[in-house]
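Residue 20 is where the sequence shown starts when you use this note's numbering, and the numbers rise one by one after that. Where a beta carbon is used, it is the ideal one built from N, C-alpha and C, also for glycine. Below: the structure, in structure tokens.
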Amino acid sequence: MTDNNKMPIVLIGNSFKYEIEAVCKLFFHTARFSFSDNINDARGDNYILANVIYDNGLFVTSQIRLNGDEPEKEIKSLPLTAEKDVIEHELCRLIYHILCRKTGIIPPWGLMTGIRPVKKVTELIQQGFSRNETEKNLTERFELSPKKFNLAYETAVNQLPILKSINKRAVSLYVSIPFCPTRCSYCSFVSHSMDSAIKLMPEYISSLCRELEIIGGIVKDTDTEIDTIYFGGGTPTSISAQDIEKIMRTVADNFELDKIREYSFEAGRPDTITEEKLRVIKEYGADRISVNPQTLNDDVLRIIGRKHSSDDAIKAFELARKIGFDNINTDLIAGLPAESAESFRNTLDRIIELSPESITVHTLTVKRSADLFESGCENMMNPATEMVDYSIEKLMSYGYLPYYMYRQKNTIDNLENVGYAKKGFESQYNIFIMDETQTILGAGCAASTKLVYPDGKISRIHNYKFPYEYIRRFDELMQKKQEVMECLKKIKYISQK
């Protein structure tokens, strides 16, 4: 290795840095890479050379050396008329094949590196492709395993009726409360511990409510309907019941809630959930909440930095039921440090006994900003695949159907995150955000507004990541709301034609 132990990737005759790096990360999850266009950098014990050659024809070629072994090279000729995306895909395929042989790793999703695998399935179904035709198309292009194709196909089939019901004239609202009591070791989200953020809290809540009032004014002026609302974080219940009430009251005062189809509140960590907070959440209209233990193994909870026990998680769930919530989601993570396949099975079985309306199974992702990144290679060796395979079979046998899915880089065993739900309890917001077919207005620190124009164009507006910046530059941030106004006007204009 060179350049501070970064794996050298040499790109000759091409600039396919993003996709080639994505393919390499299927095999080297926590590695760092250096890039150059100098052929002399393809030397030493480790390197990846990716070459596009025009010489009496068009050729893509790759040569790879790992750990000082014998370099291996592949070459493929392409038509001179080949489009850029075809050249890129075939070059990545060469790299993929060599790395499969050299590492012994066969990624279950094959060459599919994007975060929305179900969207590719959905597009083919909507074009009239049969199941067999869809499988043939995706298997030939991306070489994904039959097991993952089946999961993606079932997810697509379950979410299609909801996609057909999307009101593209309406928008959804996301409210960000980016605080947590402590930071879990696996977490990479922009969230802030209450200890460090407590002094900023009053001003943050005030600014968030101001932004909600401004967005509410835009929605009202453009006569736009709100379809779904989602309170996320962080852990929204890490703030007081009084602050939750202030924010939810601001939402109620500035948005028409009579027609919304779903109002979700991510109650999150059991150690932040109280009866008072749950009663406020229910009083102000939220009809779907999440209680997220991640695991019911107390040893693992301690290792990842959680301050609650498995019994606390079950009590929080039962409390929510007692107060009257009849649509509860629980989040679990497969592959947490020190979690065994047996203890994960025990967690899932106990959660199923509680009979939540939906269960989301995430796979541990080792991000650079998470504390676990330094020991990333160790975490990549746990039995996450066995856990995920068990969850698919077990949940579907109990009537929980996969309805939304996304993937992330640096995920153990190249696996996925899947939401399962009993029929009729699928989260519409989760589907909308993955399918990118409805505008979502984001409020609060680190929130993102996704504007989906009538012609399919997507524009994003990102709020500042840190509370002090969000507060200090609030007026500057609000100047960006003009684009929101123009997008909603266009949506309204098209809907009236």
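Open item on the list: Within a Cβ cutoff of 8 angstroms, which residues of the same chain sit near E91, ignoring the five residues on either side of it in sequence?
Closed with: Residue numbering aside, residue 91 sits at position 72 when the sequence shown is read from its first letter. Cβ contact annotation for E91 (same chain, cutoff 8 angstroms, sequence separation greater than five): Q82, I83, R84, I117, R120 and K121, in chain order.
Open item on the list: For G287, report the span of its beta strand (DSSP E) as first-last.
Closed with: Stepping through the sequence shown from its first residue, residue 287 is reached at position 268. That run of the beta strand (DSSP E) goes E281 to G287.
- [ ] Would you tell me roughly how many angstroms separate the C-alpha atoms of E264 and Y303, rounded to the nearest one?
- [x] If you number the sequence shown from 1, residue 264 lands on position 245. If you number the sequence shown from 1, residue 303 lands on position 284. Cα to Cα, E264 sits roughly 8 angstroms from Y303.
Task: DSSP-derived helix/strand/coil call for I237 - done: Counting from one through the sequence shown, the residue named residue 237 turns up at place 218. Assigned with DSSP and collapsed to three states, I237 falls in helix.
Task: Beta-carbon proximity of S592 to N482, cut-off 9 angstroms - done: In the structure displayed, the chain extends from 20 to 516; residue 592 sits before or after that span and is not available.
Task: Nearest residue (CA-CA) to L383, options E372, L77, I323 and I370 - done: Counting from 1 along the sequence shown, the entry for residue 383 is found at position 364. Per the Cα distances, I323.
Open item on the list: Only counting the same chain, and skipping five residues up and downstream in sequence, which positions put a Cβ closer than 6 angstroms to that of H327?
Closed with: Counting from one through the sequence shown, the residue named residue 327 turns up at place 308. Once the five neighbours on either side are set aside, the close Cβ partners of H327 are P289 and D290.
Task: Coarse secondary structure for I72, derived from DSSP in three states - done: Within the sequence shown, numbered from 1, the residue matching residue 72 stands at position 53. In the three-state reduction of the DSSP assignment, I72 falls in the strand class, which pools E and B.
Open item on the list: Tell me which residues share the same chain as L143 and place their Cβ nearer than 7 angstroms to its Cβ, disregarding the 5 neighbours each side in the sequence.
Closed with: Numbered from its first residue, the sequence shown carries residue 143 at position 124. Cβ neighbours of L143 beyond the five flanking positions: T153 and N156.
- [ ] Using only alpha-carbon positions, find the residue among T430, I181 and F52 that is nearest to H381.
- [x] Here residue 381 is taken as the residue at index 362 of the sequence shown, counted from 1. Nearest of T430, I181 and F52 to H381, Cα basis: T430.
Task: Expected contact under 8 angstroms - CB spacing of L182 and T379 to nearest Å - done: Counting from one through the sequence shown, the residue named residue 182 turns up at place 163. Counting from one through the sequence shown, the residue named residue 379 turns up at place 360. 19 angstroms between Cβ atoms; not a contact.
TODO: Please check the pair F344 and I308, which I expect to be a contact at CB under 8 angstroms, by giving their CB distance rounded to whole angstroms.
DONE: As a first step, residue 344 must be located in the sequence shown, where it is residue number 325. As a first step, residue 308 must be located in the sequence shown, where it is residue number 289. F344 to I308, Cβ: 6 angstroms. Contact.
TODO: Report yes if the CB atom of D277 is closer than 9 angstroms to the CB atom of F451, and no otherwise.
DONE: Your numbering for residue 277 matches position 258 in the sequence shown. Your numbering for residue 451 matches position 432 in the sequence shown. No, the pair does not count as a contact, with Cβ atoms beyond the cut-off.
TODO: Taking 9 angstroms as the cut-off, decide whether the C-beta atoms of N348 and P375 are in contact.
DONE: Taking the first residue of the sequence shown as 1, we reach residue 348 at position 329. Taking the first residue of the sequence shown as 1, we reach residue 375 at position 356. Taking 9 angstroms as the Cβ cut-off, N348 and P375 qualify as a contacting pair.
- [ ] Following the continuous beta strand (DSSP E) through K25, name the residue where it begins and the one where it ends.
- [x] In the sequence shown, residue 25 corresponds to position 6, counting from 1. K25 -> no beta strand (DSSP E), and no H or E assigned at all.
TODO: With distances taken Cα to Cα, identify the nearest neighbour of E232 among A260, G463 and T80.
DONE: As a first step, residue 232 is located in the sequence shown; it is residue number 213 there, counting from the start. It is G463.
- [ ] State the CB to CB distance for the pair F148 and T158, rounded to an integer number of angstroms; the pair is presumed to be in contact (CB under 8 angstroms).
- [x] The residue you call residue 148 lines up with position 129 of the sequence shown. The residue you call residue 158 lines up with position 139 of the sequence shown. Between F148 and T158 a beta carbon distance of about 13 angstroms is seen, past the 8 angstroms cut, so the two are scored as non-contacting.
- [ ] For D262, name the three-state secondary structure that DSSP assigns.
- [x] Start at 1 with the first residue of the sequence shown, and residue 262 comes out as number 243. Three-state result, D262: helix.
- [ ] Please report the Cβ distance between A353 and A403, rounded to the nearest whole angstrom; I am assuming they are in contact, meaning their Cβ atoms lie under 8 angstroms.
- [x] Residue mapping note: residue 353 aligns to position 334 of the sequence shown, counting from 1. Residue mapping note: residue 403 aligns to position 384 of the sequence shown, counting from 1. Contact holds; Cβ gap of about 5 angstroms.
Task: Stretch-stretch touch, CB-based, cutoff 8 angstroms, three pairs: the segment 409-422 with the segment 160-178 - done: With a cut-off of 8 angstroms, the segment 160-178 and the segment 409-422 count as touching, because enough Cβ pairs lie within range.
Task: Residues bridged to S191 [DSSP beta-bridge criterion] - done: Numbered from 1 along the sequence shown, position 172 holds the residue referred to as residue 191. Under the DSSP definition of a beta bridge, S191 partners with I459.
TODO: Reducing DSSP to helix, strand and coil, say where Y249 ends up.
DONE: In the sequence shown, the residue the question calls residue 249 occupies position 230. Residue state, collapsed to three classes: strand.
TODO: Tell me L351's beta-bridge partners as DSSP assigns them.
DONE: As a position in the sequence shown, residue 351 is number 332, starting the count at 1. Paired residue(s): Q313 and V380.
Task: Cα-Cα separation, M399 to P127 - done: In the sequence shown, residue 399 corresponds to position 380, counting from 1. In the sequence shown, residue 127 corresponds to position 108, counting from 1. Low confidence applies to M399: its pLDDT is 49, below 50, so where it sits in the model is not reliable enough to give any reading.
- [ ] Starting from M131, follow the beta strand (DSSP E) in both directions and report where the run begins and ends.
- [x] Taking the first residue of the sequence shown as 1, we reach residue 131 at position 112. It is not in any beta strand (DSSP E) - M131 carries neither H nor E in the DSSP assignment.
Task: Coil, strand or helix - F392 by DSSP - done: One-based indexing of the sequence shown puts residue 392 at position 373. For F392, the pLDDT reaches just 43, beneath the cut-off of 50, and the residue's location in the model is therefore unreliable, leaving the point undetermined.
TODO: Kindly list the residues whose CB is nearer than 6 angstroms to the CB of E405, restricted to its own chain and excluding five residues on each side of it in sequence; keep chain order.
DONE: For the purposes of this step, residue 405 is taken as the residue at position 386 of the sequence shown. Taken in chain order, the residues that qualify are A360.
- [ ] Please look up how many angstroms separate the CB atoms of E281 and D306, rounded, as I've assumed it's under 8 angstroms.
- [x] In the sequence shown, counting from the first residue as 1, residue 281 sits at position 262. In the sequence shown, counting from the first residue as 1, residue 306 sits at position 287. E281 to D306, Cβ: 7 angstroms. Contact.
Open item on the list: Within 10 Å of its beta-carbon, does S195 have 16 or more other beta-carbons around it, so buried, or fewer, so exposed?
Closed with: Numbered from 1 along the sequence shown, position 176 holds the residue referred to as residue 195. By the neighbour-count rule (16 or more Cβ atoms within 10 Å), S195 is buried.
TODO: Can you grab the Cα-Cα spacing for the pair R426 / V137, in whole Å?
DONE: Numbered from 1 along the sequence shown, position 407 holds the residue referred to as residue 426. Numbered from 1 along the sequence shown, position 118 holds the residue referred to as residue 137. C-alpha separation (whole angstroms): 10 angstroms.
Task: the segment 235-250 contacting the segment 471-491, beta-carbon criterion three pairs below 8 angstroms - done: no
- [ ] Compare the beta carbon distance of K413 and L355 with 9 angstroms and say whether it is the shorter of the two.
- [x] Along the sequence shown, one-based indexing puts residue 413 at 394. Along the sequence shown, one-based indexing puts residue 355 at 336. It is not a contact, given that the beta carbons lie outside the stated cut-off.
Open item on the list: Please return the same chain residues whose Cβ sits closer than 7 angstroms to the Cβ of N346, not counting the five positions on each side in sequence.
Closed with: Counting from 1 along the sequence shown, the entry for residue 346 is found at position 327. For N346, where only same-chain residues beyond five positions count, the Cβ hits under 7 angstroms are D306, R307, E376 and F444.
- [ ] Write down the C-beta distance between V270 and T132 rounded to the nearest angstrom, noting that I regard them as a contact closer than 8 angstroms.
- [x] Here residue 270 refers to the residue found at position 251 when the sequence shown is read from its first residue. Here residue 132 refers to the residue found at position 113 when the sequence shown is read from its first residue. For a cut-off of 8 angstroms, the C-beta gap from V270 to T132 is around 37 angstroms, too long to register as a contact.
Open item on the list: Less than 9 angstroms between the beta carbons of L179 and R160, yes or no?
Closed with: Taking the sequence shown and counting its residues from 1, the one referred to as residue 179 is at position 160. Taking the sequence shown and counting its residues from 1, the one referred to as residue 160 is at position 141. Not a contact, by the Cβ cut-off of 9 angstroms.
Task: Where the alpha helix (DSSP H) through Q447 begins and ends - done: One-based indexing of the sequence shown puts residue 447 at position 428. Start and end: Q447 to D454.
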